[in-house]
DNA sequence: GCTGAAGTTCGACTTTCGCCGTACTATGGG
DNA sequence: CCCATAGTACGGCGAAAGTCGAACTTCAGC
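Chains as they are written, first to last, in this note's numbering: chain Z, 1 to 110; chain G, 1001 to 1110.
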């Protein structure tokens, strides 16, 4: 039985919430991993940010509640993905600008 | 004797700092007023956010230190302005996306 | 049903943040 | 020189945020 965790509908996504969600280094690195637009498992191994798994879970919640990501639940496995279309519809150009910076950052640091 | 308050050079503007600066309602309203790109006096009357003038000063400092605004000092008068060119150069499309949302918000609320 | 794996939830701690009020600084004008 | 004006700096307070560790929940597999 697959289902999705609660998240704000597109029209309720607030700019301040999105900006705040994307104002933290750990979460920016998570988004960096999610930049390909695909679903990713929520395993700490996938996201090599040096925080405890409960902290990671907290950050995923912040991203989801801000409307930045969507979380799909299937069995014991949670999958997370960026809400690209929704964010582009709500704040055109915003996510692209952020992803562009994250990409160019990775090009530098390896 | 006119001069400028200290601010980060373009290349040192950090995404997380800009996002955080723009993640707060009061500061978003300040940016909304500054959206025309012109210099504005720092008087509380110019920015009708219901906070104490010392709080307002604090928010201006946050914006300036994040690299969002530049502050010009002439005599007793401080003037503040968006760093449009710098932000566009550093994070193309980011500021425009934010300003677009702020503008469409004003169109709704009057 | 037991066990292990994947993640969440909760409590506690520490740091940061927004806010105010007061004191302070600097400048322009009489 | 004195005073009013325009703002900053500082101290304190309560709320929010990031972190961890431990306990809990849910499900797959045996």
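All C-beta atoms, glycine included, are put in the ideal place defined by N, C-alpha and C.
Discussion item. Mapping the DSSP letters down to three states, classify residue 1086 (chain G) as helix, strand or coil.
Written reply: Along the second chain, read from residue 1 onward, the residue named residue 1086 (chain G) stands at position 86. The answer is helix: DSSP assigns residue 1086 (chain G) an H, G or I state.
Query raised in the report: Applying the criterion that 16 or more other CB atoms from any shown protein chain within 10 Å of the CB defines a buried residue, is residue 93 (chain Z) buried or exposed?
Result: As a position in the first chain, residue 93 (chain Z) is number 93, starting the count at 1. Flag for residue 93 (chain Z) reads buried.
From this set, G:1101, G:1054, G:1042 and G:1090, which residue's C-alpha is nearest residue 1072 (chain G)'s C-alpha? Translated into positions along the second chain, residue 1072 (chain G) becomes position 72. Nearest option by C-alpha distance: G:1042.
On the three-state DSSP scale, how would you describe residue 79 (chain Z)?
As a first step, residue 79 (chain Z) must be located in the first chain, where it is residue number 79. DSSP places residue 79 (chain Z) in strand when its eight states are reduced to three.
- Item | Contacts that residue 1093 (chain G) makes with chain Z (C-beta to C-beta distance below 7 Å) | Position 93 of the second chain holds residue 1093 (chain G). Here the neighbours are 93, 96 and 97.
- Task: May I have a chain-ordered list of the beta strand (DSSP E) segments no shorter than 3 residues that lie completely inside the segment 1018-1083 of chain G?
- Result: 1069-1074 and 1077-1082
So, for residue 1026 (chain G): in the same chain, excluding its five sequence neighbours on each side, which residues have a beta-carbon less than 7 Å away from its beta-carbon?
Position 26 of the second chain, counted from the first residue, corresponds to residue 1026 (chain G). Hits under 7 Å: 1049, 1051 and 1059.
May I ask you to list the residues that DSSP assigns as paired with residue 1003 (chain G)? Against the second chain, residue 1003 (chain G) aligns to sequence position 3. Answer by DSSP bridge pairing, in chain order: G:1073.
Consider the C-beta atom of residue 1017 (chain G) and the heavy atoms of the ligand NAD; say whether any pair is separated by less than 8 Å. With respect to the ligand NAD, the structure shown offers nothing to examine, as it has no ligands at all.
_Cβ shell of residue 66 (chain Z) (< 6 Å), same chain only, five flanking positions each side left out_ = For the purposes of this step, residue 66 (chain Z) is taken as residue 66 along the first chain, with counting starting at 1. Here the set comprises 17, 18 and 21.
Point to revise | Status (buried if at least 16 other CB within 10 Å, exposed otherwise) for residue 1023 (chain G) | key: Residue numbering aside, residue 1023 (chain G) sits at position 23 when the second chain is read from its first letter. Looking at its Cβ environment, which holds 16 or more other Cβ atoms inside 10 Å, residue 1023 (chain G) is buried.
Using the beta-carbon count (16 or more within 10 Å), is residue 31 (chain Z) buried or exposed? As a working note, residue 31 (chain Z) is residue 31 in the first chain. The residue is buried, with at least 16 neighbouring Cβ atoms inside 10 Å.
| task | On a CA-only basis, which of G:1006, G:1087 and G:1098 is nearest residue 91 (chain Z)? Give me that one, please. | result | Here residue 91 (chain Z) refers to the residue found at position 91 of the first chain. Checked all of G:1006, G:1087 and G:1098; the closest Cα to residue 91 (chain Z) is G:1098.
Original post:
Thinking just about the alpha-carbon of each residue, which of Z:14, Z:74, Z:13 and Z:10 is nearest to the one in residue 40 (chain Z)?
Top reply: In the first chain, counting from the first residue as 1, residue 40 (chain Z) sits at position 40. It is Z:74.
I'd like to check one pair, residue 1087 (chain G) with residue 1013 (chain G): are the Cβ atoms closer than 9 Å? Looking up residue 1013 (chain G) in the second chain gives position 13. Looking up residue 1087 (chain G) in the second chain gives position 87. Yes, Cβ-Cβ distance for residue 1013 (chain G) and residue 1087 (chain G) is below 9 Å.
message: So residue 1070 (chain G) and residue 1081 (chain G) are supposed to be a Cβ contact under 8 Å. How far apart are they, rounded?
response: Position 70 of the second chain, counted from the first residue, corresponds to residue 1070 (chain G). Position 81 of the second chain, counted from the first residue, corresponds to residue 1081 (chain G). Going by Cβ atoms, the distance from residue 1070 (chain G) to residue 1081 (chain G) rounds to 6 Å, so yes, they are a contact pair.
Considering only the beta carbon of each residue, do residue 1044 (chain G) and residue 1028 (chain G) sit closer than 9 Å?
Position 44 of the second chain holds residue 1044 (chain G). Position 28 of the second chain holds residue 1028 (chain G). No, these two residues do not count as a Cβ contact at 9 Å.
- Query: Under the rule that 16 or more other beta-carbon atoms within 10 Å means buried, what is residue 101 (chain Z), buried or exposed?
  - Reply: Residue 101 (chain Z) sits at position 101 when you count from the first residue of the first chain. It counts as buried.
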